[in-house]
Each structure stands twice: as C-alpha cells, then as structure tokens.
Amino acid sequence: MPEGAKSKKNKKNKAAAKAKEEVGNKNTENGHLEENMENQSDEEAPESNPQGTPAASINGKSVSNIATERTASNEDDDSDGESAATTKNDTQQQAKSDAEPPALDAQSKDRFDALVRDRDSLRAEVTGMRKSLEEIQSRHREDMEALRQRVDDAESKKGQAETQYQKLLERVNTIKAQLGERLKEDAEEIAQARSQIEDLEGQNSSLTTELDSKSSELAEIAKENEEKAIEIATLRDRTNLSQQNWLKEKDELLEQESYIQAEFEQAKEAMHNWEVLAMEERSIRESLGEKVIDLEEQLVNLKDAYEKAASELDNQSSTVDGLQRALQEIQTARKQELRELVESSDAQLEELRQSLRDADNKSSEAEKSLLIAQEELERVRPFEKEVKEKNLLIGKLRHEAVTLNDHLTKALRFLKKGKPEDNVDRHIVTNHLLHFLALDRSDPKKFQILQLIAALLGWTDEQREQAGLARPGTSNTSNKLRVPGTPVRTPSTPTLATEFMDNGTSHKESLAELWSNFLEQESQTGNESAAKSGNQGQSKS
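Here it is, written out as structure tokens:
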C-alpha cells in the first residue's frame, strides 16, 4: 500500500475518533443539562439566567461541532488531494470516498439526537411552566383570563420556537452541503431563539412574584392567628385570677367557720354553767340550742352552696383546659402547615388552602367556646353575692351570740354574788338605756326594757308612776318589783298583760325571773330572724 493511502487512512481514523469523542462529550453535557433543567423545575421561583445559559451552551456546542466537522472535512479534502497526487490507484480512492459518508452520517445523527434531547428538555420546561400556571389559575380564579392570555402567548411562542427548531433541523440536514456563510445565519437565528427563551423566562419570573405576594398574604393570616392566640392567653390569665380569688374566699369561709365553731363551744359551756346554777333558765338554754342548730343548718347550706360554686369552678377550669389544649393543637397544626408551605412545591398549594379553612373553623369554634365560658362565669357571679350576704348574716349572728354571752356571764356573776335586787351593773343599765332610746315608740320591747331598768335600779312607786309603769295612786311598801295587774296601755304596747304578767295571780317577780323572761323572748326573736334569713338564702340559691 502506498504511503499516501496510509496517511489518508490514518487521517480518516483520527477524524472518526475525534467525532466519537465529540459525540461522547456532547452526550455527557446533555445529561448534565437535563439534570440542571430538572433541578430548575423543582424550584419555586427560577431565575431567568440559569435557564438561558443552557440554550446558549447548546447552541455554542452545536456551532463548535459544526466547525470541527468542517475542519475535519477540509482535512479530508486535503488528504484526498495528496493521495490523488501520490497514488494512481482509482479503486483505493473510490473506497476512500465511500467510507467518508457513514462517519458524517453518524455525527449528524448524534447532533440530531442532541437537538431532540434539547427539544424535549424545552418541552419539559414549558410543561412545568404550564402546570404552575394551571395551579395559579385554580388558586386565583379572578386572574384566570389574564393568565390564559399569558399561557396562549407562551404556547404561541412555543409554536414559533418549534417551527424555528424544525427549520433549524432542516438547515442542519442541508449543512452537509452548505457550511460556509450559512453558519453565521444559523448563529443569528439561534440568538433570536435565545432571546425568545429569555422573554419566556421573564414571564415565569413575573408569575413567581405573584406567588411571593400570595405567600405574603398567607404570612399575614398567620400573624392574625398569633394575635388571636395572645388574646386567648389573656383570657386564660383572667380565669386563673378568678380561680385564685375563689380559693382565697374559700379559706376565709373556712376560718370563719372555725371561729363560729369556737364561739359555739363557748356558748355551749356558758349554757351548761347556767343550767347548773339555775334550773329556771333551762328554757333559755334550749332556745339557744335551737338557735345554734339553725346556725349549723345555715352553715351546712352555705357549705353546700360553696361546694356547688366550687364544682362549677372546676367545670369551668376543665373547659378552659380543653380550650388551651385545642389552642395548642391549632398552633401546632398551623406551624406544621406553614412548614409544609415553605418546604412543599407549587402542587401543594390547594391542600394548604384547605388546611387554612379548617384552622379558621377551629379558631371560630374556640372563640364560641370562650364566649360560652364567659357566659358561665357571669352566671356564677350572683353566687358570689349570695356568699357575701350569708357571710354578713353569719357576722351579725355571731355578734348577737357574743352580746348574749356577755349578758349571760354578767348575769351569772351577779347571781353568784347575792340577791339580784342588790346587784346593779352600770354597763348593763347603760346598754339597756341605749337600746331603749334606739327603739321606735311602736315597738313593744320598749316597755320591757323600761320595766327591766326599773327592776335593776329599784325604782319606787312614784318613780314608776313618773316613768309610766304604774298608775297614779298605787303604792307598794316592799322594795321588790311589783307588776301591776292592769298596766298602762298605750298604742305602742299592745297585749302587755298577756305577755309579761300573770293576770293578777302573782303581783311580785324577782329580777332573775324578769331577766330570764327577757332573755327567752330575745332568743325566740333571734331564732325567728335567723330562720327567715335562712329561708331567704335557700330560696335565692
């Protein structure tokens, strides 16, 4: 074989190896390009530059491949000329010319495949943009017409790009024969296609800005939910304060109960001493015992009312705890939804809208439950007034028990010392005198107190006549108390003879008898008033 043919064959082999290397490099670059396109489709707001650079790289590579092909063909032509000059065998030249087209066809096929892959990547990008547009249309129906126009424009531009792509394919087929000045024209057309792609990317960026605005609206809704959570926390603090106030009142009631029990024990001991000293005062002790029983019943009623109020407080605290748990669940759900909004893609926007609606429903339900709890608190407030009224009633009864106990102890002291006619206490007289002055003229107790003062001070008949306790002309030489058979009747003292006299059977009474009668009547009136107040408290409860 001549040296010219060998050199020609070596050059062909080198050109084929170089074309294979270029095809392999192009395939790897196309694989990287497809990966970049997939990564760009996963992002929410892709930028225009990263999408424009792959097309530029593709076009630049195609131009470089065409240039290398042209240089390879030129080298082949040079080698053909040299082989024609050096060799004289026409059969070898014919075989060489027959071996050149398959290599060119393989290169053009590889380039065609690369262009097809580029077209598929562009179509995938366009379909991704179409999906994002459809999702935005479903979320914002008000802007549907404008978005449809944009999609139509994008599709028309896509059709133009595809037609231009077909033209480019046809031109690539004709490049085998015309590789001269057509390369410049093809480069200009590729630049135009690149500018169109950049325009499409600008439209995509505008759509991403719209998505950002909607995400900002979602953030504002989240802030509103946080404000509602703060309001609920303030309501919870108020309920805690009310619960603490209830506990304080409970402690005060318990202290008052213990104090009343101690006073009751003291009164009981005083009554026992009175029974030992004077059997005549047994009726008074019984009346005081009944009064104590009434007080105990009132305490039991107060305890029942307090337990009811405490149970209602427990129910309210349980409802508040349920509301707190519901709020915590709502907050956790909202946080999870916001994280999903940040992490998920555009396909999950509809699900997030549904979750927002559910959260709004839950918050409205929580507000309704809070209103119900507030109504229950307002319903419990009248019980506080009743408890305060009953506390005041207990204080009054306690004060009366203390005064009666003082009177009893002083009376016992005087009875122990000697005769009641000889023992007069200034404190007792002043108390009765003040009580006499404080009473109304129509009150029958006024005559009783005046009669008791006369017995304590040992008034004479003249003094009794001056005070109105006896008629003029009656006389009694004894120093003991004499009760007239027919006392002076005034409009303010009805039926005095039936209540305080023996209708003339016994004209003389001792100071102890008068004192016992007075205490018995006072205890009866106290029991009646306590029973009335207890019945009123039960009717209110």
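Counting from 698, one number per residue, gives the positions in the sequence shown under the numbering used here. No residue lacks a Cβ here, since even glycine has one placed at the ideal position from N, Cα and C. Since the structure is predicted, the reported quantities are computational estimates derived from the model, not experimental observations.
Alpha carbon to alpha carbon, how far is residue j from residue i? Give it in angstroms, no decimals.
i: E966; j: R935; result: 47 Å
i: N850; j: L819; result: One point to set straight first is that residue 850 is Asp, not Asn, in the sequence displayed. Approximately 16 Å between the Cα atoms of the pair.
i: A1023; j: A1056; result: 11 Å
i: E949; j: D1140; result: 37 Å
i: L876; j: R847; result: 38 Å
i: Q995; j: K1093; result: 13 Å
i: N1067; j: T824; result: What sits at residue 1067 in the sequence shown is Leu, not Asn. Cα to Cα, the separation comes out at about 50 Å.
i: E946; j: E1083; result: 13 Å
i: K1087; j: L999; result: 7 Å
i: A1151; j: A959; result: 36 Å
i: E1048; j: D810; result: 40 Å
i: D802; j: R808; result: 10 Å
i: L932; j: E987; result: 47 Å
i: T813; j: T871; result: Just to set this straight, residue 813 is Val in the shown sequence, not Thr. Between V813 and T871, the C-alpha separation is close to 17 Å.
i: S903; j: M826; result: 12 Å
i: Q940; j: N922; result: 27 Å
i: D1158; j: K1143; result: 19 Å
i: A964; j: E1081; result: 30 Å
i: T1100; j: I1069; result: 48 Å
i: E839; j: S910; result: 15 Å
i: Q804; j: Y862; result: 19 Å
i: D1103; j: V989; result: 17 Å
i: Y956; j: N937; result: 29 Å
i: K1085; j: R1095; result: 15 Å
i: E924; j: A930; result: 10 Å
i: L866; j: A888; result: 16 Å
i: E1073; j: R1050; result: 35 Å
i: R1110; j: L1153; result: 15 Å
i: L1134; j: Q1160; result: 18 Å
i: F961; j: L1136; result: 28 Å
i: D868; j: A821; result: According to the sequence as given, residue 868 is Arg; it is not Asp. For R868 and A821, the distance between alpha carbons rounds to 24 Å.
i: R1138; j: E1097; result: 23 Å
i: K806; j: M841; result: 43 Å
i: K881; j: K864; result: 15 Å
i: L908; j: D817; result: 27 Å
i: R836; j: N1012; result: 44 Å
i: E878; j: A890; result: 19 Å
i: E993; j: E983; result: 15 Å
Leaving out five residues on either side along the sequence, give the residues of the same chain with a beta carbon under 7 Å from the beta carbon of residue i.
i: Q670; result: Beyond the ends of the chain as shown, which are 698 and 1238, falls residue 670; an answer cannot be given.
i: E917; result: none
i: L951; result: none
i: T1106; result: A967
i: E954; result: L996
i: R1054; result: none
i: L1147; result: F1133, A1164, L1166
i: E928; result: none
i: Q1021; result: R933
I'd like the list of long-range same chain contacts for residue i, defined as Cβ closer than 8 Å, with 5 residues on each side in sequence excluded.
i: G1019; result: S1066
i: K854; result: Q893, D896, L897
Apart from the five residues just before and just after residue i, which ones in its own chain have a Cβ nearer than 6 Å to its Cβ?
i: W943; result: L1010
i: K1059; result: I1027
i: S912; result: none
i: T1016; result: A1070
i: K873; result: none
i: E1062; result: none
i: E886; result: none
| request: For the stretch 877–897 and the stretch 853–861, state whether three or more C-beta atom pairs, one from each stretch, are separated by less than 8 Å. | output: yes
| Touch test, the stretch 1076–1090 against the stretch 1004–1013, Cβ-Cβ under 8 Å, three pairs minimum | yes
| Whole beta strand (DSSP E) runs in the stretch 849–908 with 3 or more residues, listed along the chain? | none
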